[in-house]
Structure formats: C-alpha cells, structure tokens
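The structure appears right after this line, and notes come after that.
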C-alpha cells in the first residue's frame, strides 16, 4: 500500500462515522465514549423533530442498541490498534486522535484581528456573538467536554501544510523584526508610535487549528446514567451495556467481515522489522475508566445495581488475567499479534444518591465494590438527614457506622478484600444533622484509607447557625489540623481538604484555636506522665448505647444497644460537675464512626501507646477554602496550620481585602509550592514585592512552583508591570521559582492590556524556567498582535530539568558493585567515570517543552 496515498485510511470511514458525535475529551486524558444510547439521544443534539419520536418496537430497539454497542467495540479496538501502530515505530504515522477545541471560531478570531476600526469591530463582534449564541445553544456542553475528531494527514496534505508553514514562518520572522523595533521604540514611554503599528498578516486557519489539537492516548472512559435521557432504560440494568461491550464473546458477539478486513489492513501497515512487530503482542490491552452515576428511587434498587457492578468488575479482571495467561503460553507469532483484546479497568468513579434509608444490604454490597482493589478516581456520596427519618435512630446510626467503618477504617467482612484508595472523595453534607457530621469527622480522623483529596460540601456553610458551625469547625480541627509542636498527635490519612461554601469568622477561629491548644497541652502532658501515654480500648462484643446532646446534657438514644464487632479504640469524655456521676458502672466514650456512646466501665481497657497499632501519617498537605461571605479568620487559620501545607487555594467574597492576607500566607507556609487565589482583587506588583521580601529576616521562605490567579476583578493600579519585569529578571525569586503561571480575569473584568502584555512578552524571551503560561488578553486591536507573539513561545524547548540528587544517588547505589577484596572492578564499571556519569545524568534529565495558552 502506498503510504503517501490520501486514501490510506479511507477504509476506517464507517467506524469513524459511527463514533461521530459520540466521543468527548476529558481533562484526565481519557476519551469518553457515549455508548448505550441512540445517536438522537446524545446530549449534543437537540434538534429532534416530533415525528422522530414515534414509538418503536422495544425488542427491535433493544437489538439495534446491542448491535450499536458491538460496532462501537469494534471501532474502539481499531482506533487503539491504529494508535499503537503510530507508536510502534512509524515516524511518519498519519492517523491520530486529536482534541479539537472550537470554543472560539476562526471567523471570530479573524474579525478581531482584521478589524481595527471601532464601529466596524463592534459590528463584527456583534455578528460573531450572534453566531456564538447559535453554536452554544446547539452545543452547550462544549466548555467541559469537547468533541473529538479523527484527523488524517496524508503525504500530500503534509506538503501543503509545510508550504503554508513556511509562509507563516516568513510572516513570523517579519513580525519579530517589526515587534522588536516596536518594543525598542516603546522604551521611551511614547504611546503615539503604537498607534501606527500595522497588524501582521493572519496565520492560516490550519495553523490555528493545529494549535488547538492535542494528541490523545488510546484510553477510553464510559459513563452509566440511569433514568436520564431515557435511552439507558432500554437495558435491564445500567451495567448491561458494559457487559456487552467488554465481556461478550462468540457466538453472542461475532466480528463481521468488514472489521476483520480492516484489522488485517492495519496490521499490514506495521513496519516490516520483526523487532517492532514483537512489540505488538498477541494480547492487546486497552485501559478503560468507568463512571457509575445513579439516582435510584430506593436503596434496594441501588443495592441491586451495586451487585451487578461488583460481579462485572470481578468478571472483567478474571477475563483479563485468563487471556494474559493464555497469551503467555501461546507461541509468539508476529503474524498473530493483536488477536485478543483485553480491557484493564484503570479507574472507577461513582456517584450515589437516593432518598431512602440506607439498608444493611446496600452497605454490604457497596463495601464489596469499594474493597475490590480498583482505584477510585472520584467517589461522591451524600449524608442526608432524610436517611435517618425512617425507623428508629439507633438503626440509622448503626447502618452509618458500618458504612463509615468499612469505607474508611477497616474491612468488616471477608468479601471486602482491602481498603479503598480515593483520588477524590466528595461527601455532601448540606442536609446532614449534627450526629451524622460528628460520626463522619470521627471516622475521618481515624481513617486508614488512602484519600488524596477530600471535599466536604457545605459542612461549614454560612447558612449554618453560628453555634452549630463553630462546633463543626471544632470537629474539622480535631480531625485534620495540628500545629508544628503536635508531632505525636495522630492525624488523618487525608492529604488534601476542600471546604466549599465555608464561613470562617473570628469566633470560629477561636473554637479552632481551643482545639489546637488542647492538642498541644496533651502533647506536653504525655511527655511528663506515663499515665497520659495510655490509650483506651473497648473490647469486642461490647454493647454500647448511643448518646445525643440536648442542651448541656448527654441523653441516651432510645433503642437497643449496639455490639462492637472487634476491639475498638476510644477516647474518654471529660464529665462536667453538673452531670450525675453516681453510676460508676458506665463511662462516656467517643468511638470513631460511632460518635459519643456509653459503655460498661469493665469493658474499657488501658493499653500502652507503644502496643497500639498506629499507622504513620503525615499532617495535612493541601487546603482549599471557598468563602462566600465573612473570612476574617482565614489569616489566623493559616498561621496555625500553614507550616505543613504545600498547596493552598483560597476563594473569597469580593469585598475581602486579599492583599492584606498575602504577607501572612507567604510567611506562614514555608513549604508552599502551589498557591491559588481566586475571585478577588490582587495587586500583582504588591504581591511580587512581598514574595521577594520573604526570607529576608532569616525565616524559611516558600518556593512557589505553581501560581494561579483566577477570576480576578483587577490586578492593581500598576497594571502588573513590576510583576512582569521581575518575571523576566533572572536574579529575582519570582523568575527563579515559578514554573506555571495562570492569570485569568473574571467575565466582566478588564483583561490584561497592552502595556502589561508588552512586559510579559519581553519577560518570556528572558525567562527559561517558566514552563506553562495561561493568560486572558483584552479583545482590542492589540489582541491579535499579542496572541500571535505569545503563542510563538508555545512548544518552545526549554533547558532540561536536572535530575534531583535523590535520583542520582539511587542510580549510583544500584550501579556500584559490591565486591570482595580479591575481586577486581568489572570493565563496564570502570568505564563509568565522572564524564560518562555526567552524560548519563544529562541524558536522563527531564525534557521540558513550554506550553502557552492565550484567551481573549
């Protein structure tokens, strides 16, 4: 086959047509496939006619959907095989998946760049805005999920692009010459010469499209929605499309002749070199990500779906293991490559919500799925007061205890093989009541599950009563916060905490300070008294009673006692003088996931802290606060806990003076590497001055690698000129430290203007450490110039990032042989002299390519 033929990939047209409008690009690198729904049910199409919505035969419609699922499976396998073909050694590979971001049309950009007159530009913008409105009505999900296009570039197309690229390069060189002269002239501060600048020639549309194209890996994401759109209701269960897609075998699933021929043609395009062909093994693995979203009517219905999900995950893992074993036993024949496709479940996401009371069956099946050994990219659940309105309160509490204990603390049954690992755990608390929040925070304080980031939505909300919110902040502080001196105080396994819609007043900060002071006091006392080093344990099979707080008294919850399944750590509750302590046979204790309980005194046993198994944990590393109103206590909170934070993200109400908080933030967070300040007014010049002054008094100064200013209302009276100058001055800390910079203004605020962009452009030419830049420019006559100039830095190869010392030492420890005194040094080791080692480390250093994105 002629590799330069324009029709090289035409045989894949039927499968590309099948996937048209069915593929969406996700930020995590996966490509979502909308499988299990008809084309007219896809969310990006709303122009259905009434006559198309006629009732169809359910059996016929189900069979058509099954055929579509199987054809989608064929398309995915062919595209993955093509991507592997491109990666297997074909330097001139032509077929690739690209993420085409058409959020700003070419016509709109041409209108902005070509029209410099005020009235004409306004008319063009109104016309383009009208077009955008039409497009957004048709594709309203374009900002989050962008349609995927399969792009083919033949040899003839490449030659045409190269000619266009050459012409564009000449324009760029001339623009550079013009731009340099302009900058030199502007150094005098004269703005009159700027008015006579001639706009550069526009680049071709293909060049601009190429800027918005990113290569996508052959890894696919699938979502299951029940009761949304009506299409998934064709199947008996939301898991049914996945079962047919990944588990169907012959004779139920039989590839057609067209698929077999297309696969053979793709394999024929592999390089003839047998070494490259061996890279295409008999078993071809495709990574997949599954997202299970469900809003079931009852807990029993959701439990049934969870059972199907658990069986499906076990089946797909067993199938992959069996096929891999068969592939290893089979003879490696280059002509038999990719004869078997296996699917590896890389990530699983779940969103569970229902209005019924949680049942034991629901919790049991959920814990089985959580403990199946699959990494959870996202897990969303809700704690709702409506879950406790059915039956007696003791039963509701017991079910929540089982859920929190099995999900966060320890496996409760043999079916739960291990503790889950969450990248993002999102727990909605907007409708939770006090004992539910208390049980949740206590479970999180003793968590052994790996949680990279925890979202507690609306728990410390400004809508909550002041007394209740202060108590919630105490629970949060007890579970997650600690001061620098609290070295031996156990902390949670949560690495990052996100509190959205929070309110933190000075009274709330006082409550947090009381908790932290109590922790410090316990730390000091424990060092002086052996008795205080004791931990308290409740023996298994102990029956305890739940306690509720009514005013200043603790009252037993009506209902039967609850039996502890195993030995459980507990904390003693300090009784006040007003409480009746005549009955010495009972003790009030706090148990993780249970809350406050009353237990028999004989069942409470003191153990040494050394004998108690306590996993090693690190303090909180990431904190995100989104304050919608008063935030007076934020600086005080950062002073207390900022010593351990490496990431800090703060969103404020518009009236909050964030500039006054910046010195406290920078001086209180010596380990800070990522700082994000959103929805605020930031004086960039003042920020850079404060950052440069950090550490002058001998204190540890943060080294910020990622700096984000999002949804800004303004950048200061100096327009950020001093900030940009320091960014280009290699002697400043700002230029040395920052590797990623993002400055995005709020929708109705003024974006970056000509003077600021001019300084930024010159700084980019001098700065060799800034790897990623995202900015919002104004839509004026200068926008075309600055877009064009700044985008030239996109794709620029920067000096490689040297290997850290730890990696070098690890390499040397492996390569250095351990020899006896009689042995001589091997010849290969003798050749690893200083020069060779330096070349190895230089070659292994991280390659850095600059990324620049400009909006406006």
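Numbering (full-length UniProt numbering), first residue to last: 1 to 856.
Even glycine gets a Cβ: it sits at the ideal position worked out from N, Cα and C.
How far does the alpha helix (DSSP H) with residue 592 in it extend, from its first residue to its last? That residue, residue 592, is in no alpha helix (DSSP H); it is neither H nor E in DSSP.
Quick one: using the 10 Å Cβ neighbour count with 16 as the cut-off for buried, is residue 802 buried or exposed? By the neighbour-count rule (16 or more Cβ atoms within 10 Å), residue 802 is not buried but exposed.
Indicate whether the contact test is met: 3 or more Cβ pairs, each with one atom in the segment 259 to 269 and one in the segment 307 to 314, closer than 8 Å. No contact exists between the segment 259 to 269 and the segment 307 to 314.
Measuring only the C-alpha atoms, how far is residue 357 from residue 349? Rounded to the nearest angstrom, the two C-alpha atoms are 23 Å apart.
Taking the CB atoms as reference points, tell me whether residue 223 and residue 290 lie closer together than 9 Å. For residue 223 and residue 290, yes; Cβs fall inside 9 Å.
Let me know the secondary structure DSSP gives residue 288 once reduced to three states. In this structure, residue 288 counts as strand in the three-state DSSP scheme.
Inter-stretch contact (C-beta, 8 Å, three-pair minimum) for the segment 621 to 629 and the segment 429 to 436: At 8 Å Cβ cutoff, the stretches do not touch.
CB contact flag (residue 342, residue 378, <9 Å): No, the pair does not count as a contact, with Cβ atoms beyond the cut-off.
Apart from the five residues just before and just after residue 125, which ones in its own chain have a Cβ nearer than 6 Å to its Cβ? Because residue 125 carries a pLDDT of 41, less than 50, the predicted location of this residue cannot be relied on, and no value is offered for it.
What does a CB cutoff of less than 6 Å around residue 708 pick up in its chain, not counting 5 residues either side in sequence? Cβ contact annotation for residue 708 (same chain, cutoff 6 Å, sequence separation greater than five): 676 and 742, in chain order.
When we look at the beta-carbon of residue 789 and count the other beta-carbons within 10 Å, is it buried (16 or more) or exposed? Residue 789 is buried by the Cβ-count criterion.
Residues in its own chain within less than 7 Å of residue 841 by CB, not counting five upstream and five downstream? For residue 841, where only same-chain residues beyond five positions count, the Cβ hits under 7 Å are 803 and 808.
Report yes if the C-beta distance between residue 509 and residue 642 is below 9 Å; otherwise report no. No, these two residues do not count as a Cβ contact at 9 Å.
Buried versus exposed call for residue 909 [16 or more other C-beta atoms within 10 Å across all chains shown]: Residue 909 cannot be examined here, being either before or after the span of the chain that is shown, 1 to 856.
Helix or strand or just coil, what does DSSP make of residue 221? Three-state result, residue 221: strand.
Chain-order list of residues whose beta-carbon lies under 6 Å from that of residue 421 (same chain, five-residue window excluded): Counting only Cβ-Cβ distances below 6 Å, and skipping sequence neighbours, we find 375 and 450.
Confirm, please, whether the CB-CB distance from residue 481 to residue 640 is below 9 Å. With respect to residue 481, residue 640 sits close: the two C-beta atoms are nearer than 9 Å.
Whole angstroms is fine: what's the gap from residue 682's alpha carbon to residue 712's? Distance between the alpha carbons of residue 682 and residue 712 is about 7 Å.
Report the rounded CA-to-CA distance for residue 766 versus residue 735, giving the unit in angstroms. Between residue 766 and residue 735, the C-alpha separation is close to 10 Å.
So does the segment 501 to 520 actually touch the segment 466 to 474, counting three or more Cβ pairs closer than 8 Å? Counting Cβ pairs under 8 Å, three or more are found: they touch.
At what residue ranges does the segment 353 to 412 contain a whole run of the beta strand (DSSP E), taking only runs of 3 or more? Entirely contained in the segment 353 to 412, the beta strand (DSSP E) runs reaching 3 residues are, in chain order, 376 to 382.
When burial is assigned at 16 or more other CB atoms within 10 Å of the CB, is residue 305 buried or exposed? Here residue 305 is buried: its Cβ has 16 or more other Cβ atoms, across all protein chains shown, within 10 Å.
What's the call for residue 501, buried or exposed, on a 16-neighbour Cβ count within 10 Å? Classification of residue 501: buried, given that the 10 Å Cβ count is 16 or more.
Distance cut-off 8 Å: residue 687 Cβ against heavy atoms of the ligand GTP: Absence of the ligand GTP is noted for the structure shown, with no ligands found whatsoever.
Neighbour-count burial assignment, residue 455, 16 or more Cβ in a 10 Å radius: Residue 455 is buried by the Cβ-count criterion.
Hey, residue 593 and residue 404: beta-carbon distance below 9 Å or not? Their beta carbons are under 9 Å apart, which means residue 593 touches residue 404 by this criterion.
Would you report the Cα separation of residue 770 and residue 439, rounded to the nearest angstrom? Taking the straight line from one Cα to the other gives about 45 Å.
With H, G and I counted as helix, E and B as strand and the rest as coil, what does DSSP make of residue 855? Under the three-state reduction of DSSP, residue 855 is assigned to strand.
Secondary structure of residue 839, DSSP reduced to three states: In this structure, DSSP gives residue 839 a helical state, which the three-state scheme calls helix.
In this structure, how does DSSP classify residue 847 when only helix, strand and coil are distinguished? Here residue 847 sits in strand by DSSP.
Which residues in the same chain as residue 726 place their Cβ atom closer than 6 Å to its Cβ, once the five residues preceding and following it in sequence are excluded? Around residue 726: 688, 732 and 734.
Would you decide whether residue 217 is buried or exposed? Buried here means 16 or more other CB atoms lie within 10 Å of its CB. Classified as exposed, residue 217 has fewer than 16 neighbouring CB atoms from the shown chains inside 10 Å of its CB.
For residue 441, report the span of its alpha helix (DSSP H) as first-last. Per DSSP, the unbroken alpha helix (DSSP H) holding residue 441 starts and ends at 434 to 445.
Return the CA-CA distance between residue 416 and residue 31, expressed in angstroms with no decimal places. The straight-line gap from Cα to Cα measures roughly 30 Å.
Check this for me: beta carbons of residue 762 and residue 773, under 9 Å apart or not? For residue 762 and residue 773, no; Cβs fall outside 9 Å.
Between residue 244 and residue 70, which are expected to be in contact by the criterion C-beta below 8 Å, what is the C-beta distance as a whole number of angstroms? The Cβ separation is near 7 Å, so the contact holds.
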